[in-house]
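Working notes, structure below.
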Amino acid sequence: MTFDGLTEKTIQTYTALRRFVARHSEGFVFSSIYLFLAFLDTRVKLMATPAWTSGRLVRNHHRLLDFNYYNNEQSRLLQWAIPEGFHRLLGLSIENAYLLQRLLFTWLALFLFHLYLRRWFKPSTSFAGVLFLAAIMPFTHTNDLQESASLLLVTFLLALWAMREHKDTWTTGVFFVGGLNNETMLSLPLVHLFCNWRGWSLRQIAFSLWRTALVSLPMVVAIGFIRYLTRNRPHLGGAWHWPDNLERIGTALTAHPFAQFTEKGLYPFFIFGMLWFFAYWRFKHLPSFMRCSLLMIPFFIFCHLITGIFSEVRQMVPLAFILVPAAFFYLFREEEENKRPSIKTKE
C-alpha cells in the first residue's frame, strides 16, 4: 500500500471513529468519568480494609472454596465464585481478583444508574444523581470483607429497571442471579407486587400474589436450597439484632448532637440526609413505579432491623436507586414541568 493510500485509510478510519463517538458521545463521556470514580471508590475501600492485604481475604476465600465458612457468607455464591473465575482465567492473585470484581461492578452500577435516570431526567441531572451515589459510597466502607456489595448494586438496579419496564422474564432472571450473590434481593418482590396490584377483591389479590410468586420463585428456591446446604454452619454476626439495633438507635437519639459524629445508630439516616424527606414529599405526584418502590422501603428497613446490623450502612446503599430519582422529582421538578405541553390561551 502506498503512503497516500495508507493516509487515506487512516483518515477514513478516524472519521468513522469520530462519527461513532459522536452518536454515542453521552455514553463514552460519562462512562469514562464513572470508571475513575469507581477506581477512587475501590481505592478508598482498600484503604479502609486492612484485612484485604493482611492475608485474611485469602484465608477467607480458601475457606469459602472448601465450603467451610459462615452460613450467610458461604451462601453468597457469586461474591467468591466470580473472583475465583478471574483468578483462574486471568492468572490474577486472589486480592487482585477481588479488586477487579469491585472495580468492574462499581463502575457498571454507576454507569447503569446514569442510563436508568435518563428515563426521567436530562443528562446533567442524571449525572448529579450518580455523583450523589458516588459521594456517599466511600462513607459506607468499613474493615469488613463482605464483597457481595458491588454486584448487589448492579442486580438491584437491573431488577428495578426490569420491573419498571414490566419485563417479567428479565425480572425473574435478574432476581435469580442477584439471589445467588446476596439475599437482600428478597426485598424486591414487594416492588413487583405493589406495581402489579389490581385491587382488593379476592380474585385480584390472588392474581397479584400468584404473578409475583411465579416471578420470584427461582430466586426463592435457589436461596432456600443454598441456605439449607449451609444450615449447619454458624451465622457470621448472628441473625437476630432487633434488640441491639433499637438500643443503638435509642442511644443515638438521646446523645449530645456532637456525639453523632461517632454514634452509629442514626448513621443510615444521615447517609441520605434530606433525600429521605424529599423523596416522599410529593409522593402522589411521582410516577406509579416510583411510588411502588418507595412503599417497599419501610419493609426493607424493618427487615434489616431484625436480621442485620443497622449501623452497617452499606446495606442501605441500594436504596439510592429509589430515593435519588424520587427526591429529584422534587428538587428538579422544573424539568418535569418543561415536558408538559404549553397551554395556548385565546387572544
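Under the working numbering, read the sequence shown as residues 344 to 690, first letter to last.
Think of the CB as a built atom: it goes at the ideal place given N, C-alpha and C, for glycine as much as any other residue.
Quick caveat, the model's predicted, so the values are computed rather than measured.
M617 sits in coil when the DSSP states are folded into three classes, being neither helix nor strand. Between F621 and L674, the CB-CB gap stays under 8 Å.
Per DSSP, the unbroken alpha helix (DSSP H) holding V387 starts and ends at S368 to A391. Going by DSSP, V517 is part of the alpha helix (DSSP H) stretching over D511 to G522. For E369 and E526, the gap between their C-alpha atoms comes out near 34 Å. DSSP places E438 within a helical segment (H, G or I) once states are collapsed to three. Counting C-beta pairs with one atom in each stretch, the stretch 444-454 and the stretch 492-510 have three or more that are closer than 8 Å, which means they touch.
According to the DSSP assignment, G428 belongs to the alpha helix (DSSP H) that extends over L420 to L433. For N415, the enclosing alpha helix (DSSP H) covers residues N414 to Q417.
P561 and T515 have their alpha carbons spaced roughly 7 Å apart.
Its chain contains V558 as the residues whose beta carbon lies nearer than 7 Å to that of D511, once the 5 sequence neighbours on both sides are disregarded; these appear in chain order. Following the DSSP letters along the chain, one finds L609 in no alpha helix (DSSP H), marked with neither H nor E. Relative to the Cα of R657, the nearest Cα in the group V520, E508 and L476 belongs to L476. Pairing V401 with E438 gives a Cβ-Cβ distance under 8 Å. For M528, there is no enclosing alpha helix (DSSP H), as DSSP marks it with neither H nor E. In the three-state scheme derived from DSSP, where H, G and I count as helix and E and B as strand, L488 is classed as coil.
In this structure, L443 is the residue among R462, L443 and P600 with its C-alpha nearest to the C-alpha of L378. Bounds of the alpha helix (DSSP H) holding R546 are L545 to L572.
For N411, there is no enclosing alpha helix (DSSP H), as DSSP marks it with neither H nor E. Going by DSSP, W585 is part of the alpha helix (DSSP H) stretching over W585 to T597. Under the DSSP assignment, V473 falls in the alpha helix (DSSP H) whose first and last residues are P466 to I479.
Note on P586: under 16 other CB atoms within 10 angstroms of its CB, so exposed under the neighbour-count rule.
Exclusion of the five residues before and after E678 leaves F464, K465 and T468 as the residues of its chain whose Cβ lies within less than 7 Å of its Cβ. The shortest CA-to-CA distance from T573 to any of W624, L596, R419 and H405 is the one to R419.
By the CB criterion at 8 Å, M639 and F537 fall inside the cutoff. Scanning its chain for C-beta atoms nearer than 8 Å, with the 5 sequence neighbours on each side dropped, one finds around W583 the residues I649 and T650, in chain order.
By the neighbour-count criterion, in which 16 or more other beta carbons inside 10 Å mark a residue as buried, L618 falls on the buried side. Taken through DSSP and simplified to helix, strand or coil, T483 comes out as helix.
When the Cα atoms are used, C635 and M390 turn out to be separated by approximately 38 Å. For T650, the uninterrupted alpha helix (DSSP H) run begins and ends at S631 to T650, by DSSP. Distance check between G593 and each of R399, G608 and A602 places G608 closest, using alpha-carbon atoms only. When E416, R445 and D409 are compared, the shortest CA-CA separation from P426 is found for R445. In the DSSP assignment, V667 falls within the alpha helix (DSSP H) that extends over A663 to L674.
Taking the C-beta atoms as reference points, F373 is found nearer than 8 Å to F470.
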